[in-house]
Structure formats: C-alpha cells, structure tokens
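If you use the numbering used here, the sequence shown corresponds to residues 6 to 313, in order.
Think of the CB as a built atom: it goes at the ideal place given N, C-alpha and C, for glycine as much as any other residue.
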Amino acid sequence: MHFTLRQLQVFASIARQQSVSRAAESLSLSQSATSTSLAELERQSGCQLFDRAGKRLWLNALGRQLLPQVVALLDQAKAIEDLLAGKTGFGSLNVGATLTVGNYLATQLIGGFMQRHPECRVSLHVHNTAHIVRQVALHELDLGLIEGNCQHPDIEVLPWVEDELVVFCAPQHPLARRGTARIDDLIDEAWILREQGSGTRLTFDQAMRHRPTKLNIRLELEHTEAIKRAVESGLGISCISRLALRDAFRRGSLVPVETPELDLTRQFFFIWHSQKYQTAAMREFIVQCQTLTAGIRRSDEIVLPVIA
C-alpha cells in the first residue's frame with residue numbers, strides 16, 4: 006500500500022468540505038500541503054476522485070464509493086492510536102437529532118452520558134429529519150436520532166421507542182371543550198404545522214392523506230416551541246409530539262384534542278451509515294438510550310434523569 010493515513014484524512018476532509026482551503030483549515034494544514042496530499046493520493050492510485058469546477062471539488066462516482074471505507078478505516082486507526090496511547094475512554098461522539106428528540110430527550114441523554122464518560126467529547130446537532138439523514142449519509146455525523154422514516158440505501162436503521170402526535174389547541178378554543186374531533190371538524194380550522202422535510206410533518210400528512218379537501222395551513226414553522234406559542238395565542242390549532250406537549254398539558258396552557266380517526270403513531274429511530282465503523286462510544290450511547298426506554302410504551306412516558 007502506497008497511501009498514508011494522512012492522505013486518506015485529507016481526502017475525507019475535502020470530500021466533506023468540497024473545498025481544499027476549508028479542508029486545510031479544519032486539519033490545521035497549509036493549503037499547499039493539503040493540495041499536494043490529495044494530488045499524491047490520486048497519482049499513486051492512478052485514479053481521479055473528484056470532479057473540479059474552479060475551486061470547488063465534488064466527489065465523482067469512485068470517490069463516493071471510496072469515502073465510506075476511508076471514514077471507517079480512519080475511525081479504526083483512531084481507536085488503535087488511543088489503545089496504544091493507553092486511553093481506554095470513548096474519544097468523541099458526533100450525534101445528530103431531529104427537533105423533537107433533540108429538544109426534549111437528547112440533551113438530557115447526552116448530559117447523562119458525559120457524566121459517566123467525562124473523557125468523551127460529545128457534540129449535538131439539531132435539525133429536521135431530512136437534514137440529519139443527509140449528514141449521516143455524508144459521514145458528518147456518527148449517529149442520528151430521528152423521528153421520521155429513513156429509506157436511504159446507505160443507512161442502517163434501528164427502531165428505538167414509539168412516539169405519538171396529538172392535535173391540540175388553546176384552552177379558549179371551541180375544540181377544547183369537546184376534547185375530541187372527527188376529521189370533518191378539522192378541515193376548516195386554521196393549522197400551524199411543522200415545515201416540509203420534518204418527521205412530524207411527514208407523519209401528520211400521512212395521517213391526513215385521505216382528507217376530502219385541502220387543509221387551511223396558516224403557518225409553517227421550524228420549531229415546536231414557536232408552534233406552541235402561536236397556538237396559545239389563538240392563531241390556530243396544531244399537531245406535534247405528545248412528548249413536546251406534556252408540560253403544557255399539565256399546566257393547562259394547551260389542551261389535547263383526541264382524533265380517533267387518525268393514526269398519529271410513529272417510531273423514533275437510531276441511524277448510522279452502513280459502512281460506518283461502530284465506535285465504543287456509539288455502542289454505549291445506543292445501549293444507554295435503550296436502557297432508559299426499557300418497558301416504556303410511548304415517548305411521553307419517559308422519566309428523564311436529572312443532570313446535576
């Protein structure tokens with residue numbers, strides 16, 4: 006073998022950044038050294054790995070095929086380096102979570118994980134499902150926790166815990182007094198919904214796919230807290246996870262509206278790239294999450310640990 010781990014590290018960084026200069030900055034190398042390293046890898050292998058357009062580089066078909074294997078090899082090399090250095094800790098863990106999971110579960114889970122493993126450097130990235138899936142596919146994240154279906158051919162999916170959406174409104178809304186509603190009762194209401202690309206919106210749209218007429222969607226918002234505030238203000242009704250609403254329901258600032266005709270159940274999932282080397286940190290974090298939800302029927306029943 007003529008390539009070096011440094012050359013592979015440079016290749017992976019350029020693939021992620023799509024720029025030699027940004028890759029050089031992330032690796033604390035000069036731009037010249039970064040360009041030379043990539044050129045040497047391509048020369049020694051006799052293969053071109055990128056398509057060039059000015060200063061931008063995009064992985065070609067061979068580069069896309071190579072990237073997952075390079076990332077896995079670099080992760081294994083880091084584990085070997087840590088072992089030889091006498092480090093028995095977990096190194097680093099990059100976790101991505103969708104908004105419901107990230108805002109209401111992941112921060113507490115990561116806090117507990119870091120208390121048990123203070124040597125591990127953990128980062129959390131919170132976005133919608135489509136964004137997290139894309140980041141995992143590009144090896145920008147070690148692990149994703151999502152609330153929507155993932156059909157990406159390169160990604161492994163592991164079910165975690167069931168979740169349920171619920172229609173809700175402000176206490177002064179007419180639906181609040183009834184406590185339940187048929188689909189026909191919901192058609193003319195003003196709706197405040199999550200944006201397209203979110204797992205919450207996908208579940209809601211699937212549940213309403215047989216509706217006879219188009220819904221009156223007044224607002225589309227990216228954050229559940231903004232949706233809750235808008236509903237509290239009387240701007241309309243909405244539908245998000247019970248997990249995100251349990252405190253508001255307890256206070257009485259928002260009221261659930263049961264909808265027996267709608268199937269609003271879904272699953273939370275763990276996802277990772279199928280060719281990703283599973284580090285000890287990844288395996289331990291998944292086990293911690295599964296332990297927390299053992300025997301739990303639904304996400305809003307989870308008792309979260311208190312982080313000191």
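(request) Locate the alpha helix (DSSP H) running through Gly116, then write down its first and last residues. (result) Sequence index remark: in the sequence shown, residue 116 carries index 111 (1-based). Start and end: 112-121.
(request) Count the other C-beta atoms from every protein chain shown that fall within 10 angstroms of the C-beta of Lys233, then say buried if there are 16 or more, exposed otherwise. (result) Residue numbering aside, residue 233 sits at position 228 when the sequence shown is read from its first letter. Buried is the call here.
(request) Rounded to whole angstroms, what's the CA-CA distance from Thr134 to Leu104? Just pull it up for me. (result) Numbered from its first residue, the sequence shown carries residue 134 at position 129. Numbered from its first residue, the sequence shown carries residue 104 at position 99. Distance between the alpha carbons of Thr134 and Leu104: 8 Å.
(message) Taking DSSP's pairing of strands, which residues face Phe209 in a bridge?
(response) Position 204 of the sequence shown, counted from the first residue, corresponds to residue 209. DSSP lists no beta-bridge partner residue for Phe209.
(request) Output the distance between the C-alpha atoms of Thr205 and His7, rounded to the nearest integer angstrom. (result) The residue given as residue 205 occupies position 200 in the sequence shown. The residue given as residue 7 occupies position 2 in the sequence shown. Near 48 Å, if we compare the C-alpha coordinates of His7 and Thr205.
(request) Please classify Gly107: is it buried, with 16 or more other beta-carbons within 10 angstroms of its beta-carbon, or exposed? (result) Mapped onto the sequence shown, residue 107 falls at position 102. Buried, since its Cβ has 16 or more Cβ neighbours within 10 Å.
(message) Using a Cβ-Cβ cutoff of less than 6 Å, which residues in the same chain neighbour Ala195 once the five nearest sequence positions on both sides are dropped?
(response) Residue 195 sits at position 190 when you count from the first residue of the sequence shown. So the qualifying residues of the chain are Asn221, Arg223, Gly241.
(message) Just list the residues that DSSP pairs Cys174 with in beta bridges.
(response) For the purposes of this step, residue 174 is taken as residue 169 along the sequence shown, with counting starting at 1. Listed as beta-bridge partners of Cys174 by DSSP are Val260.
(request) To the nearest angstrom, report how far apart Ala313 and Gly202 are at their CA atoms. (result) As a first step, residue 313 must be located in the sequence shown, where it is residue number 308. As a first step, residue 202 must be located in the sequence shown, where it is residue number 197. A caution first: Ala313 carries a pLDDT of 49, below 50, which makes its placement in the model too unreliable to give a value.
(message) Using CA atoms only, rank isn't needed, just tell me which of His228, Leu269, Val138, Ser243 is closest to Pro158.
(response) In the sequence shown, the residue the question calls residue 158 occupies position 153. Nearest of His228, Leu269, Val138, Ser243 to Pro158, Cα basis: Val138.
(message) Do Arg251 and Asp168 count as a contact pair if the criterion is CB distance below 7 Å?
(response) Counting from one through the sequence shown, the residue named residue 168 turns up at place 163. Counting from one through the sequence shown, the residue named residue 251 turns up at place 246. In this structure, Asp168 keeps its C-beta atom at 7 Å or more from the C-beta atom of Arg251.
(request) Work out the CA separation of Leu114 and Gln293 for me, nearest whole Å. (result) Here residue 293 is taken as the residue at index 288 of the sequence shown, counted from 1. Here residue 114 is taken as the residue at index 109 of the sequence shown, counted from 1. Cα-Cα distance, rounded: 8 Å.
(request) In the DSSP assignment, find the alpha helix (DSSP H) that holds Ile49 and state where it starts and stops. (result) In the sequence shown, counting from the first residue as 1, residue 49 sits at position 44. Reading off the sequence shown, one finds Gln at residue 49, where the question assumed Ile. Membership of Gln49 in the alpha helix (DSSP H) is indicated by the continuous run 36-50.
(request) Work out the CA separation of Val166 and Arg302 for me, nearest whole Å. (result) Counted from its first residue, the sequence shown places residue 302 at position 297. Counted from its first residue, the sequence shown places residue 166 at position 161. So the alpha carbons of these two residues sit roughly 8 Å apart.
(message) I'd like to know whether the C-beta atoms of Leu62 and Phe16 end up nearer to each other than 7 Å.
(response) Working through the sequence shown from its first residue, we reach residue 62 at position 57. Working through the sequence shown from its first residue, we reach residue 16 at position 11. Not in contact: Leu62 and Phe16 (Cβ atoms no closer than 7 Å).
(request) Measure the alpha-carbon distance for Gln177 versus Ile188 and round it to whole angstroms. (result) Looking up residue 177 in the sequence shown gives position 172. Looking up residue 188 in the sequence shown gives position 183. Gln177 and Ile188: Cα-Cα distance of roughly 20 Å.
(message) Tell me the rounded alpha-carbon separation between Ser33 and Val127.
(response) The count along the sequence shown starts at 1 and reaches residue 33 at position 28. The count along the sequence shown starts at 1 and reaches residue 127 at position 122. Rounded to the nearest whole angstrom, the C-alpha separation of Ser33 and Val127 is 21 Å.
(message) Let's test the definition: count the other Cβ atoms within 10 Å of the Cβ of Asp193 and tell me whether it reaches 16, buried, or not, exposed.
(response) Within the sequence shown, residue 193 is the residue found at index 188, counting from 1. Under the 10 Å beta carbon count, Asp193 is surrounded by fewer than 16 other beta carbons and is classified as exposed.
(request) Would you kindly report the start and end of the unbroken beta strand (DSSP E) that includes Glu225? (result) The count along the sequence shown starts at 1 and reaches residue 225 at position 220. Secondary structure note for Glu225: its beta strand (DSSP E) is the uninterrupted segment 221-226.
(request) Write down every uninterrupted run of the beta strand (DSSP E) in the region 232-285 whose length is 3 residues or greater and which is fully enclosed by it, in chain order. (result) Listed in chain order, the complete beta strand (DSSP E) runs (minimum 3 residues) inside the region 232-285 are 243-246, 260-262, 270-278.
(request) State buried or exposed for Ser37, treating a residue as buried only when at least 16 other CB atoms are found within 10 Å of its CB. (result) As a first step, residue 37 is located in the sequence shown; it is residue number 32 there, counting from the start. Exposed, by the Cβ-count rule.
(request) Return yes when the C-beta of Leu309 is under 6 Å from any heavy atom of the ligand FMN, and no when it is not. (result) Within the structure as shown, the ligand FMN is missing, as the structure has no ligands at all.
(message) According to DSSP, is Ala20 part of a helix, a strand, or is it coil?
(response) As a working note, residue 20 is residue 15 in the sequence shown. Helix.
(message) So for His215, helix, strand or coil by DSSP?
(response) As a first step, residue 215 is located in the sequence shown; it is residue number 210 there, counting from the start. In the three-state scheme derived from DSSP, where H, G and I count as helix and E and B as strand, His215 is classed as coil.
(request) Give the C-beta separation of Ala142 and Gln280 to the nearest angstrom, bearing in mind that I take them to be a contact with Cβ-Cβ under 8 Å. (result) Counted from its first residue, the sequence shown places residue 142 at position 137. Counted from its first residue, the sequence shown places residue 280 at position 275. No, Ala142 and Gln280 are not in contact; Cβ-Cβ is about 11 Å, not under 8 Å.
(request) Run the CB neighbour count on Ala111, radius 10 Å, all protein chains shown included, and call it buried at 16 or more, exposed below. (result) Counting from one through the sequence shown, the residue named residue 111 turns up at place 106. Within 10 angstroms of the beta-carbon of Ala111 lie 16 or more other beta-carbons, which makes it buried.
(message) Considering Cα atoms alone, identify which of Ile151, Glu289, Leu259 is closest to Ala181.
(response) Here residue 181 refers to the residue found at position 176 of the sequence shown. Nearest C-alpha to Ala181: Leu259.
(request) In angstroms with no decimal places, state the Cα-to-Cα distance between Leu1 and Leu54. (result) Nothing in the structure corresponds to residue 1, since the chain is present only between 6 and 313.
(request) Less than 8 Å between the CB atoms is what I'm expecting for Ile151 and Ile307, so what's the real figure, rounded? (result) Position 146 of the sequence shown holds residue 151. Position 302 of the sequence shown holds residue 307. Ile307 and Ile151 do not touch by the CB rule: their CB atoms are close to 17 Å apart, not below 8 Å.
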